[in-house]
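Trainee:
Residue numbers (my numbering): 52 to 310.
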C-alpha cells in the first residue's frame, strides 16, 4: 500500500469511526519476526583524497560525487503494544508503540561516481597511505552493524465477521519512528547515528476469541519510513538509507467488557 493510499484509508476510516458509537476499550501486545528489506544506500561525498588505491596512487574526489552500496540484513525481532477503542460498526482505532531490530548480514556493490570500486585496495576508503592487502569488497562483505526502529503509530482497523469467534481484519497507520543505524564492516566505523522520520504501515490479520475477554491474533504488517539521512564517518559525505520491513507477529488482546 502506497503512502497516499494509506493516508486516504486512515482519513476515511477516522471519519467513519467518528460517526459510530464506542463499543469498548482494548489493550494488546505482540511479538514477531522482522524481515528488514535490503537497503540500496546512496549519497554524495564532500571533497577528499582517497588513500592508496593499491598501486601507490591516490584519487582526488570532487564534492558532490555520488556513491553507494547495497546492505542486506538478517531477520530480527519485532514487538508492539497497543491500546484502542472498538466501535459498533466494525471499526476500531488504536495507539501503538513498536520496536524492531535487525543485524547487518553483508554490504556489497560499493560504487563511487557510478563505477564499482570493490576490487580496489581497502586503503582507498580507509585513508591509509599504504596498501592494506585486502579489497574493499572483502572488507564490506564482513557486514556488522544493525538497524533499530522505535515507532509510535495511530492506527485504524476494520474487523470482518464481527461478533464471531474468528474475525479477519485490515488496518493502516501513520506515525513517526526514531531510527538508529550502525554500519561498521570489519570493525571500520562508517555510519553511526539516528534520525526521526515519518512512518506508515499497512496490516492484515485475524483474531480468534478464546473467551469473551481474551483473543489471540496473527498479523502481517508492511512498515516503512522516509529514507534515513546520516553523515558518513569514514569520509566526508551524507548517506540515505532505505528502511522498509515485512513483519509477521502473533499476539493477545484483552477487551474490557468482553469481546
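C-beta atoms are modelled at their ideal positions from N, C-alpha and C, and glycine is treated no differently.
1. Looking at residue 266 and the ligand PLP, is the gap between the Cβ and the nearest heavy atom below 7 Å?
2. Can you say whether residue 54 is buried or exposed, counting buried as having 16 or more other CB atoms within 10 angstroms of its CB?
3. Express the C-alpha separation of residue 225 and residue 296 in angstroms, rounding to a whole number.
4. For residue 183, which of 84, 88, 304 and 104 has the nearest alpha-carbon?
5. How big is the Cα-Cα spacing for residue 288 and residue 282?
6. Who pairs with residue 131 in a beta bridge, going by DSSP?
7. Kindly give me the distance between the Cβ atoms of residue 101 and residue 175, rounded to whole angstroms, as I take these residues to be in contact under 8 Å.
8. Assuming residue 307 and residue 76 form a contact by the criterion Cβ under 8 Å, report the distance between their Cβ atoms to the nearest whole angstrom.
9. Is DSSP giving residue 238 helix, strand or coil here?
10. Is it buried or exposed for residue 270, if we count other Cβ within 10 angstroms and need 16 for buried?
11. Out of curiosity, what's the CA-to-CA distance linking residue 305 and residue 144?
Mentor: Here's the rundown:
1. The ligand PLP is absent from the structure shown, which contains no ligand whatsoever.
2. Confidence at residue 54 is low in this model, with a pLDDT of 47, below 50, so the placement of that residue is unreliable and no value is reported for it.
3. The straight-line gap from Cα to Cα measures roughly 15 Å.
4. 104
5. 6 Å
6. 81 and 149
7. 4 Å
8. 5 Å
9. Shown here, residue 238 sits in a helix according to DSSP, grouped into three states.
10. Classification of residue 270: buried, given that the 10 Å Cβ count is 16 or more.
11. 15 Å
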